[in-house]
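Reviewing the structure listed below.
Protein chains in written order, with UniProt numbering: chain A, 1 to 330; chain B, 1 to 330.
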């Protein structure tokens, strides 16, 4: 892989990691940018002996004002165009507490960059297209930041496995795209008139379910939705299930897969409308066994973005249509 | 206040607190019992300098298998009847990692008790009735456990304010009941035919929104729902809002109130169906200023339980009706 701008930005951040004690990571962003961070929190929860991780929506972070935020904190923020006011404010707030602040954005210059110690620019491409640089897409950068942290601080070797696997992610995406091309169109036709569609997942995949529910279904398609945790499903939400209630179930390869399998069995028995995106059906050649659970959500998300596009076409409701966002004051 | 059984159980737990270093608290439960714990996590996030807190659904906790779970962890669990299999399993798992395990339950003997170092029995009464012992209701016990922890470990004095305030909580409930008696019936009549009702809140109140969505609306009334975080609302979910989409907005008194106020302004401008439960309208005489933000959600929840009962009556759908829970294998 050629040495990219993002690599050079990451190199500087890793040097900064080495120069301070880091006890706690705060992942801070809003909406879809926040959902991006769930897999990295999952990784830190699972593997870090000494560093704890937390995900907060930007404004909640500022107002909750965690006392554990200090010079031993790493705050990772993200805003696609670097202009989300709450996130810029959160970076400023975190810096005022002495934390190391690292912000991801697609653009090169933005208010968020001005308030951050370091930035990383990620690559991005709209739904339904191939990702030309999956190794520097937003999720990949976030894993590099979190796995890189544990590599430096705790000698965790997943970072090396991540790097070699990311080199092969483009190939995986290509195969998954071919595999699902017809399938997502069929799903879109089948579910285009639904008024409500729930999403469900657990572990590293939950963020994908959250993102699809709030950004794709609610925001971009005006379909009622919300993400249900596959474990919580059995403690309340499952009573809503009937033959005519559609669910999108994500099934990953991480340690929590048994929760998703249990949910699947129930959906199969009592529901009739479901879309199951199962990472077990993917050809993941080139992805190291040890990071498959962590990378599966990125591949699942690739399929979800194909589904989003197919749904928007079947419904004649472009993904760009908004009634409030960036249109009215709020 | 008479010295209760719960007080004696708490006394033993506080002695155990003194005998070990506690770096991290895991709140572990399922569904409604998990939602109970959000306010205590909020308190620890806001006020603890050294102790971090995390809420996990029981099965997610076991499978995620956090590396930071060890002999310096306090794991607080809850199950009303002490028979939730995932939670019992989680207690066993936490003990095997050397953590101090404390379990709340309504019943005296249960599988969960057998797997825990300590238990606390809370008082409980069904929706729409007065709470005869609010100072030992589940939320109060959880605050005693978390505020007591910071009292012992960091000299945080909120615990003292909590105790004196809890003595007056019954009086607050009585006044709030009278204040809302007619209002909840009117709301129930107005919204009884809705197919979907969202809930929304932030900070210490978010757990109440989550609980009402998954336990009352989805589980007990079979109404589509989910809890939206008031900050996240503006980053996707708000696009679903239209004049005919009902929201229940909870407004508390904690530091995140500006988020709820911003959501209210938007709901008022673009929606027409909303139930607002605002703690600012409550007579909180006897509740110490310093813990009002923490105790407001308990009072909000009292109103929500009145609303649940009113809704169930208006819809002729008893709160006890289930199609799957405890009826079919899952």
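Ideal placement from N, C-alpha and C gives every residue a C-beta, glycine not left out.
* Asked: Considering only residues of the same chain and omitting the five flanking positions on each side of residue 179(A), which have a CB-CB separation below 8 Å?
  -> Closer than 8 Å at Cβ, skipping near neighbours: 281, 282, 283.
* C-beta atoms of residue 286(A) and residue 123(A) nearer than 9 Å -> No, the pair does not count as a contact, with Cβ atoms beyond the cut-off.
* Could I get the ranges of all uninterrupted alpha helix (DSSP H) runs contained in the UniProt domain "SIS" (13-155) of chain B, with 4 residues as the minimum, in chain order? => As far as the UniProt domain "SIS" (13-155) of chain B is concerned, its whole alpha helix (DSSP H) runs of at least 4 residues are 31-35, 38-47, 58-64, 85-96, 111-114, 138-154.
* Using a threshold of 8 Å, is the CB atom of residue 264(A) nearer than that to any non-hydrogen atom of the ligand GTP? -> Although the ligand GTP was asked about, the structure shown includes no ligands whatsoever.
* Indicate whether the contact test is met: 3 or more Cβ pairs, each with one atom in the segment 66-82 of chain B and one in the segment 106-119 of chain B, closer than 8 Å. => Taking one beta carbon from each stretch, the segment 66-82 of chain B and the segment 106-119 of chain B have 3 or more pairs nearer than 8 Å; the two touch.
* Asked: Under 9 Å between the Cβ atoms of residue 209(B) and residue 218(B)?
  -> The Cβ-Cβ distance between residue 209(B) and residue 218(B) does not fall below 9 Å.
* To do: May I have the straight-line CA-CA distance separating residue 99(B) from residue 211(B), to the nearest angstrom?
  => Cα to Cα, the separation comes out at about 27 Å.
* Asked: Taking 9 Å as the CB-CB cut-off, is residue 194(B) touching chain A?
  -> False, the Cβ-Cβ gap to chain A never drops below 9 Å.
* **The beta strand (DSSP E) enclosing residue 200(B), as first and last residue numbers** => Per DSSP, residue 200(B) is one residue of the beta strand (DSSP E) stretching across 198-201.
* Under 9 Å, do residue 308(B) and residue 127(B) count as touching if we go by C-beta distance? -> Contact: yes.
* To do: Pull up the distance between the alpha-carbon of residue 89(B) and that of residue 213(B), whole angstroms please.
  => Here the alpha carbon of residue 89(B) sits roughly 26 Å from the alpha carbon of residue 213(B).
* Asked: Does residue 59(A) get closer than 9 Å to chain C when you measure Cβ to Cβ?
  -> This model lacks chain C altogether; the protein chains it does include are A and B.
* Asked: Thinking C-alpha only, which one of 38(A), 47(A), 65(A) is nearest residue 42(B)?
  -> Shortest Cα-Cα distance from residue 42(B) to any of 38(A), 47(A), 65(A) involves 65(A).
* To do: Apply the 10 Å Cβ neighbour rule to residue 221(B) and answer buried if 16 or more other Cβ atoms are within range, or exposed otherwise.
  => Classification for residue 221(B): buried.
* How many Å lie between residue 36(A) and residue 138(A) at the Cα? -> Straight-line Cα distance between these residues: approximately 7 Å.
* Given 8 Å, three or more beta-carbon pairs between the segment 141-159 of chain B and the segment 309-325 of chain B -> The way I'd put it, the segment 141-159 of chain B doesn't touch the segment 309-325 of chain B; fewer than three beta-carbon pairs between them come closer than 8 Å.
* For residue 226(A), does the three-state DSSP call read helix, strand or coil? -> The DSSP-derived three-state label of residue 226(A) is coil.
* To do: Quickly, what does DSSP pair residue 288(B) with across the bridge? List them, please.
  => Note: residue 288(B) sits in no beta bridge, so no partner.
* Could you list which residues in chain A have their beta carbon closer than 7 Å to that of residue 258(B), in chain order? => Residues of chain A whose Cβ lies closer than 7 Å to the Cβ of residue 258(B) are, in chain order, 63.
* Give the straight-line distance between the Cα atoms of residue 182(B) and residue 299(B), rounded to the nearest whole angstrom. => Taking the straight line joining both Cα atoms gives about 17 Å.
* Just the C-alpha distance for residue 315(A) and residue 190(A), rounded to the nearest angstrom, thanks. => The straight-line gap separating the alpha-carbon atoms of residue 315(A) and residue 190(A) is approximately 11 Å.
* residue 224(A) and residue 235(B) look like a contact to me (Cβ under 8 Å); what is the Cβ gap, rounded to whole Å? -> With 8 Å as the limit, residue 224(A) and residue 235(B) do not qualify as a contact, their Cβ atoms being about 17 Å apart.
* Beta-carbon gap between residue 68(B) and residue 52(A) smaller than 9 Å -> Yes.
* To the nearest angstrom, report how far apart residue 131(A) and residue 169(A) are at their CA atoms. => If I take the Cα positions, the gap works out to 9 Å.
* Sorted by chain position, which residues of the same chain lie with C-beta nearer than 6 Å to residue 244(A)'s C-beta, five sequence neighbours on each side aside? -> Nothing meets the Cβ criterion.
* Asked: If the cut is a Cβ gap below 9 Å, which residues of chain B does residue 95(A) touch?
  -> Neighbours of residue 95(A) across chain B, judged by C-beta separation under 9 Å, do not exist; the nearest C-beta is about 19 Å away.
* Going by Cα to Cα distance, which pick from 253(A), 47(A), 195(A) is closest to residue 289(A)? -> Scanning 253(A), 47(A), 195(A) for the CA closest to the CA of residue 289(A) turns up 253(A).
* Taking residue 231(A) as the query, report the chain B residues whose CB atoms sit under 8 Å from its CB, ordered along the chain. => Simply 30, 57, 58, 59, 60, 86.
* Taking Cβ-Cβ distances shorter than 9 Å, what residues in chain A pair up with residue 326(B)? -> Those do not exist, as residue 326(B) stays about 11 Å from chain A at its closest Cβ, beyond 9 Å.
* Which chain A residues are close to residue 46(B), counting only those with a beta carbon under 9 Å from its beta carbon? -> What residue 46(B) touches in chain A: 64, 65, 66, 67.
* Can you list, in chain order, the residues of its chain whose CB lies under 6 Å from that of residue 185(A), leaving out five sequence neighbours each side? -> Within its own chain, the residues whose Cβ lies closer than 6 Å to the Cβ of residue 185(A), once the five positions on either side in sequence are excluded, are 310, listed in chain order.
* **Contacts of residue 239(A) in chain B (Cβ-Cβ under 8 Å)** => 218, 219, 220, 222, 322, 323, 324, 325, listed in chain order.
* **Separation of residue 30(B) from residue 58(B), as counted between CA atoms** => Going by the C-alpha atoms only, they are around 6 Å apart.
* Local conformation of residue 157(B) per DSSP, three classes -> The answer is coil: DSSP assigns residue 157(B) none of H, G, I, E or B.
* With residue 204(A) and residue 293(A) assumed to form a contact (beta carbons below 8 Å), what rounded beta-carbon distance in angstroms separates them? -> Between the beta-carbon of residue 204(A) and that of residue 293(A) there is about 6 Å, and that keeps the pair under the 8 Å contact cut.
* residue 173(A) - containing beta strand (DSSP E), residue span -> That residue, residue 173(A), is in no beta strand (DSSP E); its alpha helix (DSSP H) goes 169-191.
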